[in-house]
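*Asks:* This structure is in structure tokens; I'll ask about it shortly.
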Amino acid sequence: MDLKKVIEKIEGTCIRVEASWLKENAETLYDGIIAKMEQFAADPKNQTTEKDVERWKKEGFVADIYFDEQKLHTTAGFVVEELSNQTTWFVDKYEDFDPEELKNLLLKGVAELGE
Numbered sequence: 002m003d004l005k006k007v008i009e010k011i012e013g014t015c016i017r018v019e020a021s022w023l024k025e026n027a028e029t030l031y032d033g034i035i036a037k038m039e040q041f042a043a044d045p046k047n048q049t050t051e052k053d054v055e056r057w058k059k060e061g062f063v064a065d066i067y068f069d070e071q072k073l074h075t076t077a078g079f080v081v082e083e084l085s086n087q088t089t090w091f092v093d094k095y096e097d098f099d100p101e102e103l104k105n106l107l108l109k110g111v112a113e114l115g116e
């Protein structure tokens, strides 16, 4: 199945993944989430601290990844309950993604559909 057909199949799907899964299967996205946390910690207007960043690195986190027609939308939280209060952290175009990592994410999305 080609990439376009897989994306059409999972468009509108959201997957929830653990940090450990991301680190193994989509390391660039994992690194992006950690970098975003570090940006939050560096912003004096934000309540996130360096201690929070270290906790996320050590204990992990969860991320929701939503697939639309052309992009992935990512949100993260330390625990699942935090995800419902989060806005999208960042959006990535499919063509900007590492092909192997995108494949892993899309396969996870297909698996979530039970197909």
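Counting the sequence shown from 1 gives a position; the numbering used here is that position plus 1. The C-beta atom is built at its ideal place from N, Cα and C for all residues, glycine as well.
Does the beta-carbon of LEU114 have 16 or more other beta-carbons within 10 angstroms, so that it is buried, or is it exposed?
*Replies:* Stepping through the sequence shown from its first residue, residue 114 is reached at position 113. So LEU114 counts as exposed.
*Asks:* Looking at the unbroken alpha helix (DSSP H) that takes in VAL54, where does it start and where does it end?
*Replies:* Start at 1 with the first residue of the sequence shown, and residue 54 comes out as number 53. From DSSP, the alpha helix (DSSP H) with VAL54 extends over 51 to 60.
*Asks:* Okay, do the segment 33 to 41 and the segment 74 to 90 touch, 3+ Cβ pairs below 8 Å being the bar?
*Replies:* Yes: the two stretches touch, three or more of their Cβ pairs being nearer than 8 Å.
*Asks:* Can the beta-carbon of GLU19 be found closer than 8 Å to that of GLY61?
*Replies:* Residue 19 sits at position 18 when you count from the first residue of the sequence shown. Residue 61 sits at position 60 when you count from the first residue of the sequence shown. A contact, by the Cβ cut-off of 8 Å.
*Asks:* When we look at the beta-carbon of ASN105 and count the other beta-carbons within 10 Å, is it buried (16 or more) or exposed?
*Replies:* Within the sequence shown, numbered from 1, the residue matching residue 105 stands at position 104. Its Cβ being crowded by 16 or more others within 10 Å, ASN105 is buried.
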